[in-house]
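>
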Amino acid sequence: LRELEESSTTVFLVGGDRRVSWDLNNIMPIFIDDSRFKQGEFLLYLNEDYAYGIFTQNRGDDLIGFHTADFYFVENMIAKLQLQYQLQPRI
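Under this note's numbering, think of the first position of the sequence shown as 1, with each following residue one higher.
1) Do you know offhand how far F42's Cα is from L83's?
2) Since G53 sits in a beta bridge, which residues does DSSP pair it with?
3) With a threshold of 8 Å, are at least 3 pairs of Cβ atoms found where one atom belongs to the stretch 8-22 and the other to the stretch 61-68?
4) Quick one: Cα of R2 to Cα of N47, how far?
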């Protein structure tokens with residue numbers, strides 16, 4: 001956590017069971033009361049040079065999913081998430 005706090009990377013943790021507040025600048029929990037966030041896990045990573053997205057679900061004993069490094073797909077998924085849940089873009 002120390003290295004992350006000293007970097008220019010920001011991590012948004014979306015979902016959760018309740019609102020929490022942490023004394024961290026670069027890790028921000030965002031509580032969204034939507035049961036769809038409990039159906040699977042996802043990670044979206046985007047910076048000036050790289051993009052990565054992974055979406056997974058447990059099906060019995062198997063983990064199924066989709067992943068991509070397509071910059072425009074990841075950028076648009078982040079934009080849709082911000083629009084759907086009225087999340088303020090961080091500049």
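Where a beta carbon is used, it is the ideal one built from N, C-alpha and C, also for glycine.
With the given structure in hand:
1) Numbered from its first residue, the sequence shown carries residue 42 at position 42. Numbered from its first residue, the sequence shown carries residue 83 at position 83. C-alpha separation (whole angstroms): 17 Å.
2) Within the sequence shown, the letter at position 53 stands for residue 53. Partner(s): L44 and T68.
3) no
4) Within the sequence shown, numbered from 1, the residue matching residue 2 stands at position 2. Within the sequence shown, numbered from 1, the residue matching residue 47 stands at position 47. Each residue's alpha carbon lies about 20 Å from the other.
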